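What follows is a short report on a single structure.
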Amino acid sequence: MIKNGKTGYAASTSMENAQQLVDDAVATAEFGMKAEFQFPATKIFPKVAIFDAAVEKVSLEKMIRLGEELICKITEYSPEVICEGGVTKSSYQLSIINSRGGQASFRESVFGLGIEGQRIRGTDMLFVGDYQSSCHPILETDEIVKTTIRQLELAKRMAKVTSKPMSVIFAPDGVTSSLVLPLISAFNGKTVLEGASPLGKKLREKVFDINFTLNDNPLIPYNTSSRPCDDEGVPCQVTPLITKGVVNNFYMIYKLQPGRKPKAPATGSGRVAYLRLPRMHLLFHRVKSASKIW
769 MIKNGKTGYA ASTSMENAQQ LVDDAVATAE FGMKAEFQFP ATKIFPKVAI
819 FDAAVEKVSL EKMIRLGEEL ICKITEYSPE VICEGGVTKS SYQLSIINSR
869 GGQASFRESV FGLGIEGQRI RGTDMLFVGD YQSSCHPILE TDEIVKTTIR
919 QLELAKRMAK VTSKPMSVIF APDGVTSSLV LPLISAFNGK TVLEGASPLG
969 KKLREKVFDI NFTLNDNPLI PYNTSSRPCD DEGVPCQVTP LITKGVVNNF
1019 YMIYKLQPGR KPKAPATGSG RVAYLRLPRM HLLFHRVKSA SKIW
(Lines of atoms letter the chains of each structure in order from A and count residues from 1; the text may use other names and numbers.)
(Lines give C-alpha, C1' and ligand atoms only; values in the text may rest on other atoms or scores of the structure.)
Protein backbone atom coordinates (compact mmCIF):
# COMPACT_ATOMS: atom_id res chain seq x y z
CA MET A 1 0.00 0.00 0.00
CA ILE A 2 0.99 3.67 -0.41
CA LYS A 3 0.31 6.24 2.30
CA ASN A 4 1.67 9.79 2.30
CA GLY A 5 3.91 8.85 -0.60
CA LYS A 6 5.58 5.93 1.21
CA THR A 7 5.29 2.16 0.75
CA GLY A 8 3.72 -0.02 3.45
CA TYR A 9 3.51 -3.80 3.44
CA ALA A 10 1.94 -6.59 5.51
CA ALA A 11 1.12 -10.25 4.95
CA SER A 12 -0.87 -12.96 6.69
CA THR A 13 -1.98 -16.58 6.23
CA SER A 14 -5.34 -15.81 7.89
CA MET A 15 -8.20 -13.49 6.92
CA GLU A 16 -9.92 -13.75 10.29
CA ASN A 17 -8.75 -10.22 11.14
CA ALA A 18 -8.48 -8.28 7.88
CA GLN A 19 -8.47 -4.94 9.69
CA GLN A 20 -5.30 -5.91 11.60
CA LEU A 21 -3.61 -6.67 8.28
CA VAL A 22 -4.51 -3.22 7.00
CA ASP A 23 -3.37 -1.58 10.23
CA ASP A 24 -0.02 -3.36 10.05
CA ALA A 25 0.53 -2.14 6.47
CA VAL A 26 -0.35 1.41 7.49
CA ALA A 27 2.08 1.24 10.40
CA THR A 28 4.99 0.08 8.23
CA ALA A 29 4.34 2.86 5.69
CA GLU A 30 5.63 5.38 8.24
CA PHE A 31 9.09 3.84 7.80
CA GLY A 32 8.69 2.75 4.16
CA MET A 33 10.61 3.82 1.08
CA LYS A 34 9.37 6.66 -1.08
CA ALA A 35 6.84 5.32 -3.58
CA GLU A 36 7.75 6.73 -7.00
CA PHE A 37 5.24 4.53 -8.80
CA GLN A 38 1.54 3.80 -9.22
CA PHE A 39 -0.27 0.49 -9.02
CA PRO A 40 -1.31 -0.84 -12.45
CA ALA A 41 -4.85 -0.01 -13.61
CA THR A 42 -7.15 -2.28 -15.62
CA LYS A 43 -5.17 -4.39 -18.10
CA ILE A 44 -5.77 -6.99 -20.81
CA PHE A 45 -3.81 -10.15 -20.07
CA PRO A 46 -2.42 -12.70 -22.54
CA LYS A 47 -4.01 -16.13 -22.57
CA VAL A 48 -1.62 -18.88 -21.48
CA ALA A 49 -2.58 -22.46 -20.58
CA ILE A 50 -1.12 -23.38 -17.16
CA PHE A 51 -3.84 -25.53 -15.56
CA ASP A 52 -4.59 -29.22 -16.08
CA ALA A 53 -7.31 -30.76 -13.91
CA ALA A 54 -5.66 -34.17 -14.40
CA VAL A 55 -2.94 -33.15 -11.90
CA GLU A 56 -5.46 -33.11 -9.05
CA LYS A 57 -6.70 -36.59 -10.02
CA VAL A 58 -3.31 -38.32 -9.63
CA SER A 59 -3.67 -40.46 -6.49
CA LEU A 60 -1.22 -40.59 -3.60
CA GLU A 61 -0.72 -44.29 -4.32
CA LYS A 62 0.30 -43.52 -7.90
CA MET A 63 2.74 -40.86 -6.71
CA ILE A 64 4.31 -43.32 -4.25
CA ARG A 65 4.69 -45.91 -7.02
CA LEU A 66 6.42 -43.36 -9.25
CA GLY A 67 8.91 -42.53 -6.49
CA GLU A 68 9.57 -46.19 -5.77
CA GLU A 69 10.05 -46.86 -9.49
CA LEU A 70 12.67 -44.13 -9.75
CA ILE A 71 14.62 -45.48 -6.79
CA CYS A 72 14.41 -49.12 -7.94
CA LYS A 73 15.65 -48.39 -11.47
CA ILE A 74 18.66 -46.44 -10.24
CA THR A 75 19.63 -48.91 -7.53
CA GLU A 76 19.24 -51.80 -9.97
CA TYR A 77 21.80 -50.11 -12.21
CA SER A 78 24.11 -49.17 -9.33
CA PRO A 79 23.30 -50.77 -5.94
CA GLU A 80 25.83 -48.59 -4.12
CA VAL A 81 23.89 -45.41 -4.85
CA ILE A 82 21.79 -44.10 -1.96
CA CYS A 83 18.63 -42.59 -3.50
CA GLU A 84 15.81 -40.30 -2.55
CA GLY A 85 12.84 -39.86 -4.89
CA GLY A 86 10.36 -37.00 -4.77
CA VAL A 87 6.92 -36.64 -6.36
CA THR A 88 4.79 -33.55 -5.77
CA LYS A 89 1.56 -32.03 -7.05
CA SER A 90 -0.24 -28.77 -6.34
CA SER A 91 -2.88 -26.46 -7.74
CA TYR A 92 -3.85 -22.99 -6.66
CA GLN A 93 -5.89 -19.92 -7.51
CA LEU A 94 -4.21 -16.50 -7.45
CA SER A 95 -6.21 -13.28 -7.42
CA ILE A 96 -4.92 -9.69 -7.40
CA ILE A 97 -6.92 -6.48 -6.95
CA ASN A 98 -5.94 -2.86 -6.23
CA SER A 99 -7.59 0.50 -5.63
CA ARG A 100 -6.90 1.75 -9.16
CA GLY A 101 -9.21 -0.84 -10.67
CA GLY A 102 -6.50 -3.32 -11.55
CA GLN A 103 -7.42 -6.95 -11.05
CA ALA A 104 -6.29 -10.33 -12.30
CA SER A 105 -6.99 -13.96 -11.51
CA PHE A 106 -5.67 -17.27 -12.79
CA ARG A 107 -5.41 -20.93 -11.79
CA GLU A 108 -2.28 -23.06 -12.08
CA SER A 109 -1.37 -26.71 -11.59
CA VAL A 110 2.13 -28.07 -10.95
CA PHE A 111 3.45 -31.63 -11.00
CA GLY A 112 7.04 -32.43 -10.08
CA LEU A 113 9.07 -35.62 -10.32
CA GLY A 114 12.72 -36.05 -9.38
CA ILE A 115 15.46 -38.12 -7.80
CA GLU A 116 18.70 -37.42 -5.94
CA GLY A 117 21.41 -40.00 -5.48
CA GLN A 118 24.74 -40.16 -3.68
CA ARG A 119 27.59 -42.59 -4.27
CA ILE A 120 30.55 -42.74 -1.89
CA ARG A 121 33.86 -44.42 -2.74
CA GLY A 122 36.55 -43.82 -0.16
CA THR A 123 36.88 -40.05 0.16
CA ASP A 124 35.07 -39.41 -3.13
CA MET A 125 31.42 -38.31 -3.01
CA LEU A 126 29.38 -38.25 -6.23
CA PHE A 127 25.98 -36.57 -6.40
CA VAL A 128 23.61 -37.38 -9.28
CA GLY A 129 19.98 -36.80 -10.09
CA ASP A 130 17.44 -35.04 -12.26
CA TYR A 131 14.08 -33.27 -11.92
CA GLN A 132 11.11 -32.54 -14.16
CA SER A 133 8.12 -30.28 -13.65
CA SER A 134 5.05 -29.49 -15.71
CA CYS A 135 1.49 -28.22 -15.47
CA HIS A 136 0.55 -31.70 -16.76
CA PRO A 137 0.97 -34.91 -14.74
CA ILE A 138 4.32 -36.63 -15.32
CA LEU A 139 3.59 -40.35 -15.18
CA GLU A 140 6.70 -41.78 -16.84
CA THR A 141 10.11 -42.04 -15.17
CA ASP A 142 12.22 -43.12 -18.17
CA GLU A 143 13.69 -39.72 -19.06
CA ILE A 144 14.83 -38.93 -15.51
CA VAL A 145 16.25 -42.43 -15.08
CA LYS A 146 18.12 -42.18 -18.39
CA THR A 147 19.72 -38.84 -17.45
CA THR A 148 20.73 -40.06 -13.99
CA ILE A 149 22.23 -43.31 -15.29
CA ARG A 150 24.20 -41.32 -17.88
CA GLN A 151 25.67 -39.26 -15.05
CA LEU A 152 26.70 -42.45 -13.25
CA GLU A 153 28.16 -43.88 -16.44
CA LEU A 154 30.25 -40.78 -17.12
CA ALA A 155 31.57 -40.86 -13.54
CA LYS A 156 32.32 -44.59 -13.54
CA ARG A 157 36.09 -44.13 -13.86
CA MET A 158 37.85 -41.94 -11.30
CA ALA A 159 40.76 -39.93 -12.70
CA LYS A 160 43.61 -38.21 -10.93
CA VAL A 161 43.99 -34.53 -11.72
CA THR A 162 47.18 -32.55 -11.30
CA SER A 163 46.86 -29.19 -9.56
CA LYS A 164 47.73 -26.70 -12.30
CA PRO A 165 45.99 -24.29 -14.70
CA MET A 166 43.94 -26.34 -17.17
CA SER A 167 41.51 -25.70 -20.00
CA VAL A 168 37.88 -26.42 -19.18
CA ILE A 169 35.21 -27.51 -21.65
CA PHE A 170 31.61 -26.67 -20.67
CA ALA A 171 28.75 -28.84 -21.87
CA PRO A 172 25.58 -26.90 -22.86
CA ASP A 173 24.05 -27.43 -19.39
CA GLY A 174 27.24 -26.17 -17.79
CA VAL A 175 27.28 -23.02 -19.90
CA THR A 176 23.69 -22.24 -18.96
CA SER A 177 24.14 -22.77 -15.23
CA SER A 178 27.32 -20.67 -15.26
CA LEU A 179 25.80 -17.80 -17.25
CA VAL A 180 22.27 -17.48 -15.89
CA LEU A 181 22.95 -16.33 -12.32
CA PRO A 182 25.27 -13.44 -13.26
CA LEU A 183 22.96 -12.48 -16.14
CA ILE A 184 19.96 -12.32 -13.79
CA SER A 185 21.83 -9.76 -11.71
CA ALA A 186 23.12 -7.83 -14.73
CA PHE A 187 19.65 -7.49 -16.33
CA ASN A 188 17.90 -6.63 -13.05
CA GLY A 189 16.31 -3.21 -13.53
CA LYS A 190 17.03 -2.21 -9.93
CA THR A 191 20.73 -2.98 -10.40
CA VAL A 192 20.73 -1.02 -13.65
CA LEU A 193 19.04 2.04 -12.11
CA GLU A 194 21.54 1.99 -9.25
CA GLY A 195 24.41 1.99 -11.74
CA ALA A 196 25.74 -1.33 -10.43
CA SER A 197 25.17 -3.44 -13.57
CA PRO A 198 28.08 -3.83 -16.01
CA LEU A 199 25.45 -3.87 -18.79
CA GLY A 200 23.62 -0.74 -17.61
CA LYS A 201 25.24 1.51 -20.21
CA LYS A 202 25.44 -1.16 -22.93
CA LEU A 203 21.85 -0.96 -24.21
CA ARG A 204 21.70 -1.56 -28.00
CA GLU A 205 25.38 -2.53 -28.01
CA LYS A 206 26.85 -5.86 -29.09
CA VAL A 207 28.34 -7.39 -25.96
CA PHE A 208 28.00 -11.14 -26.55
CA ASP A 209 28.71 -13.53 -29.40
CA ILE A 210 26.38 -13.18 -32.38
CA ASN A 211 25.12 -16.75 -31.78
CA PHE A 212 23.81 -15.91 -28.30
CA THR A 213 20.14 -14.95 -27.88
CA LEU A 214 18.36 -14.76 -24.51
CA ASN A 215 14.61 -14.24 -24.02
CA ASP A 216 12.50 -14.14 -20.87
CA ASN A 217 9.35 -15.99 -21.97
CA PRO A 218 6.62 -16.58 -19.36
CA LEU A 219 3.99 -17.42 -22.00
CA ILE A 220 5.05 -21.00 -22.85
CA PRO A 221 1.95 -23.25 -22.49
CA TYR A 222 2.03 -25.60 -19.48
CA ASN A 223 5.43 -24.39 -18.31
CA THR A 224 5.35 -24.27 -14.51
CA SER A 225 6.71 -20.71 -14.47
CA SER A 226 4.43 -19.34 -17.16
CA ARG A 227 1.54 -17.07 -16.19
CA PRO A 228 -0.64 -14.29 -17.68
CA CYS A 229 0.57 -11.64 -15.21
CA ASP A 230 3.14 -11.09 -12.49
CA ASP A 231 2.34 -10.70 -8.78
CA GLU A 232 1.72 -6.97 -9.19
CA GLY A 233 -0.98 -7.48 -11.81
CA VAL A 234 1.22 -6.43 -14.74
CA PRO A 235 0.65 -8.44 -17.96
CA CYS A 236 3.49 -10.85 -18.71
CA GLN A 237 5.32 -10.61 -22.01
CA VAL A 238 8.18 -12.08 -23.97
CA THR A 239 11.13 -9.82 -23.21
CA PRO A 240 14.13 -10.11 -25.58
CA LEU A 241 17.13 -9.44 -23.34
CA ILE A 242 19.87 -10.37 -25.81
CA THR A 243 19.38 -10.72 -29.57
CA LYS A 244 22.31 -12.01 -31.60
CA GLY A 245 24.71 -10.69 -28.98
CA VAL A 246 23.08 -7.25 -28.66
CA VAL A 247 21.68 -6.06 -25.30
CA ASN A 248 18.04 -5.18 -25.97
CA ASN A 249 16.16 -4.79 -22.68
CA PHE A 250 16.30 -5.01 -18.90
CA TYR A 251 13.49 -6.42 -16.80
CA MET A 252 11.58 -4.05 -14.54
CA ILE A 253 8.79 -4.23 -11.97
CA TYR A 254 6.29 -1.55 -10.96
CA LYS A 255 7.65 -1.06 -7.46
CA LEU A 256 11.07 -0.23 -8.88
CA GLN A 257 9.87 1.96 -11.73
CA PRO A 258 10.42 5.59 -10.70
CA GLY A 259 7.76 7.89 -12.14
CA ARG A 260 10.46 10.16 -13.49
CA LYS A 261 11.91 7.36 -15.63
CA PRO A 262 9.28 6.73 -18.36
CA LYS A 263 11.82 4.79 -20.44
CA ALA A 264 11.82 1.94 -17.90
CA PRO A 265 8.39 0.26 -18.28
CA ALA A 266 7.39 -2.72 -16.17
CA THR A 267 7.98 -6.03 -17.97
CA GLY A 268 5.72 -8.29 -15.87
CA SER A 269 8.68 -9.76 -13.98
CA GLY A 270 7.66 -9.13 -10.35
CA ARG A 271 7.18 -11.98 -7.89
CA VAL A 272 6.02 -11.79 -4.30
CA ALA A 273 6.91 -14.22 -1.52
CA TYR A 274 5.29 -14.26 1.91
CA LEU A 275 6.58 -11.37 4.05
CA ARG A 276 8.67 -9.99 1.19
CA LEU A 277 8.07 -7.11 -1.20
CA PRO A 278 7.99 -7.74 -4.97
CA ARG A 279 11.35 -8.61 -6.50
CA MET A 280 12.72 -9.20 -9.99
CA HIS A 281 12.21 -12.65 -11.41
CA LEU A 282 13.83 -14.41 -14.36
CA LEU A 283 13.81 -18.18 -14.64
CA PHE A 284 16.58 -20.60 -15.60
CA HIS A 285 14.53 -22.75 -17.94
CA ARG A 286 13.32 -19.78 -19.94
CA VAL A 287 16.80 -19.57 -21.44
CA LYS A 288 17.41 -20.54 -25.05
CA SER A 289 20.20 -19.49 -27.34
CA ALA A 290 20.56 -19.73 -31.06
CA SER A 291 23.26 -22.35 -30.55
CA LYS A 292 20.83 -24.69 -28.76
CA ILE A 293 22.04 -23.92 -25.25
CA TRP A 294 19.29 -24.50 -22.69
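Add 768 to a position in the sequence shown, counting from 1, and you land on the number used in my numbering. We treat Cβ as the ideally placed atom computed from N, Cα and C, and that holds for glycine. This structure is a prediction, so every number in the text was calculated from the model and none was measured.
Apart from the 5 residues on each side of it in sequence, LEU967 sits with its Cβ closer than 6 Å to the Cβ of ALA954 and VAL1015 in its chain, given in chain order.
Distances from the alpha-carbon of PHE976 to those of LEU951, PRO808 and PHE938 put LEU951 closest.
Contact between the stretch 785 to 797 and the stretch 850 to 858 is absent: fewer than 3 CB-CB pairs across the two stretches fall below 8 Å. The count of Cβ pairs closer than 8 Å, one atom from the stretch 798 to 818 and one from the stretch 862 to 879, reaches three, so the stretches are in contact. Counting C-beta pairs with one atom in each stretch, the stretch 829 to 845 and the stretch 910 to 928 have three or more that are closer than 8 Å, which means they touch. Checking the DSSP bridge columns, you'll see LEU894 partnered with ARG887. Around the CB of GLY890, fewer than 16 other CB atoms lie within 10 Å, so the residue is classed as exposed.
Within the DSSP bridge table, the entry for ILE864 names ALA872 as partners. Sequence-distant partners of THR1035 (beyond 5 residues in either direction) whose C-beta falls short of 6 Å from its own C-beta, in its chain, are THR1007, TYR1019 and MET1020. One thing to note: SER902 has its Cβ within 8 Å of the Cβ of PHE879. Taking 8 Å as the cut-off, the Cβ atoms of ILE1010 and LEU971 do not count as close.
Looking at GLY885, LEU828 and SER846, the one whose alpha-carbon comes closest to that of SER858 is LEU828. According to the DSSP secondary-structure assignment, THR843 is paired through a beta bridge with no residue. Under the three-state reduction of DSSP output, SER902 falls in the strand class.
Relative to the Cα of GLN886, the nearest Cα in the group ALA923, THR856, GLU908 and ILE906 belongs to ALA923.
Scanning its chain for C-beta atoms nearer than 7 Å, with the 5 sequence neighbours on each side dropped, one finds around LYS771 the residues VAL794 and ALA797, in chain order. Checking the DSSP bridge columns, you'll see THR909 has no partner listed. Residue pairing by DSSP places CYS997 opposite PRO1003 in a beta bridge.
Under the three-state reduction of DSSP, PRO989 is assigned to coil, being neither helix nor strand. Looking at ILE988, PHE799, LYS1012 and LYS802, the one whose alpha-carbon comes closest to that of PHE819 is ILE988. Counting of Cβ neighbours within 10 angstroms places ASN1017 among the buried residues, the total reaching 16 or more. In terms of Cα proximity to ARG995, the closest of LEU907, GLU876, MET893 and PHE895 is GLU876. For ASN956, the number of other beta carbons within 10 angstroms of its own is at least 16, and it is reported as buried.
DSSP, reduced to helix, strand and coil, places LEU838 within a helical segment of the structure shown. Around the beta-carbon of ALA803, 16 or more other beta-carbon atoms lie within 10 Å, marking it buried.
Membership of ASP941 in the alpha helix (DSSP H) is indicated by the continuous run 940 to 954.
With respect to ILE812, PRO1003 sits close: the two C-beta atoms are nearer than 8 Å. For LEU881 against GLN900, the beta-carbon gap comes to about 5 Å, under 8 Å, which counts as contact.
Residues of the same chain with a CB within less than 8 Å of the CB of LEU907, apart from the 5 flanking positions on each side, are VAL826, LYS830 and LEU834 in chain order. Minimum Cα-Cα distance from ALA821 among the listed residues GLY1038, TYR990 and CYS997 corresponds to TYR990.
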